[in-house]
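Below is one structure; the comments refer to it alone.
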Amino acid sequence: MKKFFFVFLLSFVLLFPASTFALNEWTFICYLVGDDNKSASMVDSHVEALNRMASVGSRKPEYEVLVQFDRPKDSAGIFRWLNLGHNDKSGAIRCTFEQGKWNVVEKLGEVNMGSPYTLWNCLKWATKISPAKRYFLIIGGHGSGIFSWRGAGAVSSNKPGAVEFDPSKFVAYDDTDNDCLTLFELAAVFSAFKERLNNGRKLDLVAFDSCMPGAIETLYQLRDLCEVIAGSPSTSLIGGMNYKAIVQTISKNPKISAESLGQEVAKTYLESVSRWGTSGEIMGVWRTSKVQELAFSISNFAIEMITGVKEKGKFKIPNLTMYGGKNRYWDIGRITKSIFNGNVDLSGLSNGSILKQLAGEILEEAKACTVTVWYSGSFLADKVGGLSIAWPDEKEYREWQAFYKALDFSQATKWDEMLDLWVLGQK
Numbered sequence: 131m132k133k134f135f136f137v138f139l140l141s142f143v144l145l146f147p148a149s150t151f152a153l154n155e156w157t158f159i160c161y162l163v164g165d166d167n168k169s170a171s172m173v174d175s176h177v178e179a180l181n182r183m184a185s186v187g188s189r190k191p192e193y194e195v196l197v198q199f200d201r202p203k204d205s206a207g208i209f210r211w212l213n214l215g216h217n218d219k220s221g222a223i224r225c226t227f228e229q230g231k232w233n234v235v236e237k238l239g240e241v242n243m244g245s246p247y248t249l250w251n252c253l254k255w256a257t258k259i260s261p262a263k264r265y266f267l268i269i270g271g272h273g274s275g276i277f278s279w280r281g282a283g284a285v286s287s288n289k290p291g292a293v294e295f296d297p298s299k300f301v302a303y304d305d306t307d308n309d310c311l312t313l314f315e316l317a318a319v320f321s322a323f324k325e326r327l328n329n330g331r332k333l334d335l336v337a338f339d340s341c342m343p344g345a346i347e348t349l350y351q352l353r354d355l356c357e358v359i360a361g362s363p364s365t366s367l368i369g370g371m372n373y374k375a376i377v378q379t380i381s382k383n384p385k386i387s388a389e390s391l392g393q394e395v396a397k398t399y400l401e402s403v404s405r406w407g408t409s410g411e412i413m414g415v416w417r418t419s420k421v422q423e424l425a426f427s428i429s430n431f432a433i434e435m436i437t438g439v440k441e442k443g444k445f446k447i448p449n450l451t452m453y454g455g456k457n458r459y460w461d462i463g464r465i466t467k468s469i470f471n472g473n474v475d476l477s478g479l480s481n482g483s484i485l486k487q488l489a490g491e492i493l494e495e496a497k498a499c500t501v502t503v504w505y506s507g508s509f510l511a512d513k514v515g516g517l518s519i520a521w522p523d524e525k526e527y528r529e530w531q532a533f534y535k536a537l538d539f540s541q542a543t544k545w546d547e548m549l550d551l552w553v554l555g556q557k
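Right, dumping it as structure tokens:
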């Protein structure tokens with residue numbers, strides 16, 4: 131019996147590597163896309179983030195920090211790079227951290243960080259060398275909100291929303307490859323991560339160090355793939371995300387929950403950029419477990435908006451807040467609060483009271499979905515909700531309609547049909 135038990139135990143150990151028995155509490159994965167051919171500010175901010183995270187370092191098996199970092203060709207930030215002792219001028223690298231320094235463990239050369247395959251390979255690498263109970267992925271780089279301009283499945287492609295990704299074989303703009311990760315591609319990669327790398331479990335926390343990802347459409351597309359999502363509905367400042375503070379937070383409490391860690395991401399971002407004297411900054415954190423109810427309320431609201439427009443025509447909604455400087459993304463809270471508070475003339479509408487009621491329901495559901503929102507300046511004065519929804523002008527919506535309708539949010543709600551009527555006059 132003892133011999134049989136020994137053979138069984140030996141077989142078990144051979145089948146399952148040592149890493150299986152020593153899971154980190156957290157593995158923090160940074161996917162940093164500094165491949166910006168127009169400016170060195172992005173790549174410089176990422177190098178600074180690496181240096182600051184190194185001052186804290188990893189502490190296995192409590193937590194580990196891993197980075198995949200891309201640079202533009204012949205980066206203008208090369209002088210800072212040379213000071214670190216690395217002579218290569220471009221391409222992607224993978225790094226691990228010890229206290230006081232970061233180590234280049236792999237040089238990837240030129241890779242397309244806007245490809246779902248590159249993100250997928252990064253996640254496979256991270257889970258292989260640093261398996262964990264919880265995973266935190268942060269994607270840093272330029273962003274354009276839910277509408278994507280480049281690569282397969284972008285707004286101008288023949289098949290908007292299409293994904294060219296097979297794991298068996300929105301953000302992250304890569305200038306060298308003229309590509310970016312669309313929201314559809316992120317969802318495909320996160321789905322593969324969940325099923326193939328994480329035993330059917332969602333990513334615990336995903337944060338976007340990029341502009342304008344904080345949208346209901348983002349939350350809904352990723353609802354089954356991430357537990358908590360952090361990001362700004364507006365433009366965000368390069369170098370504003372406090373990577374060192376994030377690592378310090380995990381270091382002080384390796385068993386921290388995803389929601390609490392997300393709160394620190396938003397809090398430390400606002401504390402960081404507020405020292406720069408900026409006029410208005412915002413960072414939100416949301417739980418995806420409540421987004422289904424919020425989408426349902428928005429859909430009911432859209433149905434009544436359609437009825438109202440058909441009865442009376444378009445009506446003015448005052449006191450709104452748009453994000454990104456263009457008539458494209460609008461704060462959900464400001465739209466619904468204006469209607470709920472009676473600032474919109476709904477006289478003559480047979481469903482005016484229903485619209486007010488549904489606006490109130492959206493406010494409540496958005497509150498249930500929100501972990502925290504940190505804001506400053508004009509956003510604080512306006513008391514924004516912190517989550518955006520697409521409401522483009524006629525020219526843009528006409529061009530991007532097919533892309534928008536391919537989103538899960540459009541498939542599940544009537545908001546796109548409300549836009550069809552309000553923006554394009556399509557009944």
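The letter at position 218 of the sequence shown is residue 348 when you use this note's numbering, and the numbering goes up by one with no holes.
Ideal Cβ placement from N, Cα and C applies to all residues, glycine included.
Determine, using beta carbons only, whether D461 and V377 come nearer to each other than 8 Å.
-> If you check the CB distance, D461 and V377 do not come in under 8 Å.
So what does DSSP say about T466, is it helix, strand or coil?
-> Looking at T466 - three-state DSSP - the assignment turns out to be helix.
Taking I484 as the reference, which of N473, E434, S508 and A184 has the closest Cα?
-> Ranked by how close their Cα comes to the Cα of I484, the residues N473, E434, S508 and A184 have E434 in first place.
Any idea if V336 is buried or exposed, counting beta-carbon neighbours within 10 angstroms, 16 or more meaning buried?
-> Of the residues assessed, V336 falls on the buried side of the cut-off, its CB having 16 or more other CB atoms within 10 angstroms.
State buried or exposed for S480, treating a residue as buried only when at least 16 other CB atoms are found within 10 Å of its CB.
-> With fewer than 16 other CB atoms across the displayed protein chains lying within 10 angstroms of its CB, S480 is exposed.
Using alpha carbons as the reference points, say which of K444, G414, A152 and L493 lies closest to I428.
-> The residue among K444, G414, A152 and L493 with its C-alpha nearest the C-alpha of I428 is L493.
Put C499 into one of helix, strand or coil per three-state DSSP.
-> In this structure, C499 counts as helix in the three-state DSSP scheme.
Straight-line Cα distance separating C160 from N233 = Straight-line Cα distance between these residues: approximately 14 Å.
Which class does C341 belong to by DSSP, given the choice of helix, strand or coil?
-> In the structure shown, the three-state DSSP call for C341 is coil.
Is R353 helix, strand or coil when you go by DSSP?
-> In the structure shown, the three-state DSSP call for R353 is coil.
Taking the alpha helix (DSSP H) that T257 falls in, what are its first and last residues?
-> P246 to I259 is the extent of the alpha helix (DSSP H) around T257.
For the stretch 391–451, list the beta strand (DSSP E) runs that are entirely contained and at least 3 residues long, ordered along the chain.
-> Runs of the beta strand (DSSP E) inside the stretch 391–451: 412–417.
Start and end residues, beta strand (DSSP E) containing D174 | Looking at the DSSP string, D174 is not in any beta strand (DSSP E); the run it does join, the alpha helix (DSSP H), is S171 to A184.
Strand pairing of Q198, partner residues [DSSP] = Looking at the DSSP assignment, Q198 forms a beta bridge with Y161 and R224.
For Q541, is the classification buried or exposed, using 16 other Cβ atoms within 10 angstroms of its Cβ as the cut-off for buried?
-> Exposed, because fewer than 16 other Cβ atoms sit within 10 Å of the Cβ of Q541.
Name the residue from Y453, N329 and T365 whose alpha carbon lies nearest to the alpha carbon of F338.
-> A check of alpha carbon separations from F338 across Y453, N329 and T365 identifies T365 as the nearest.
Alpha carbon of P246 to alpha carbon of P363, nearest angstrom | Cα-Cα distance, rounded: 23 Å.
Cα-Cα separation between A432 and D475, rounded to whole angstroms | Here the alpha carbon of A432 sits roughly 17 Å from the alpha carbon of D475.
Return helix, strand or coil for W110, following the three-state DSSP convention.
-> The chain is shown from 131 up to 557; residue 110 falls before or after that span and cannot be answered.
With DSSP as the reference, label K374 as helix, strand or coil.
-> Assigned with DSSP and collapsed to three states, K374 falls in helix.
Going straight from the alpha carbon of K467 to that of N473, what length do you get?
-> Roughly 9 Å between the two C-alpha positions.
Taking DSSP as the reference, what is the three-state secondary structure of A284?
-> Reduced to three states, the DSSP call for A284 is coil.
If you run the structure through DSSP and keep just helix, strand and coil, what is L333?
-> It is a strand residue.
Where do the N-terminal and C-terminal ends of the alpha helix (DSSP H) with D538 fall, by residue?
-> Unbroken alpha helix (DSSP H) run through D538: D538 to A542.
Tell me, please, whether the stretch 368–382 touches the stretch 181–189 by the rule of three or more beta-carbon pairs shorter than 8 Å.
-> Contact between the stretch 368–382 and the stretch 181–189 is present, with at least three C-beta pairs closer than 8 Å.
Would you grab the beta carbon distance between G273 and M342 for me? Rounded to a whole angstrom, and I think it's under 8 Å.
-> That belief holds up - the Cβ atoms of G273 and M342 are roughly 6 Å apart, short of 8 Å.
DSSP-derived helix/strand/coil call for V514 = Note: V514 maps to coil in three-state DSSP.
Under the rule that 16 or more other beta-carbon atoms within 10 Å means buried, what is R405, buried or exposed?
-> Counting Cβ neighbours within 10 Å, R405 comes out exposed, since fewer than 16 surround it.
Thinking C-alpha only, which one of L253, E315 and C252 is nearest S278?
-> Selection L253, E315 and C252 evaluated against S278 yields E315 as nearest (Cα-Cα).
Pair every Cβ in the stretch 404–419 with every Cβ in the stretch 349–363, then say whether three or more of these pairs are closer than 8 Å.
-> Contact between the stretch 404–419 and the stretch 349–363 is present, with at least three C-beta pairs closer than 8 Å.
With burial defined as no fewer than 16 other Cβ atoms inside 10 Å of the residue's Cβ, what is the status of N288: buried or exposed?
-> The residue is exposed, with fewer than 16 neighbouring Cβ atoms inside 10 Å.
Same chain, Cβ closer than 6 Å to P522, neighbours up to 5 away in sequence not counted = The answer, listed in chain order, is R458.
Extent of the continuous alpha helix (DSSP H) run through D550 = Run containing D550: W545 to L554, per the alpha helix (DSSP H) assignment.
So what's I368 in DSSP terms, helix, strand or just coil?
-> If DSSP states are grouped into helix, strand and coil, I368 belongs with coil.
Quick one, are the C-beta atoms of S188 and F227 less than 8 Å apart?
-> Their beta carbons are under 8 Å apart, which means S188 touches F227 by this criterion.
Straight-line Cα distance separating G407 from M452 | Cα to Cα, the separation comes out at about 21 Å.
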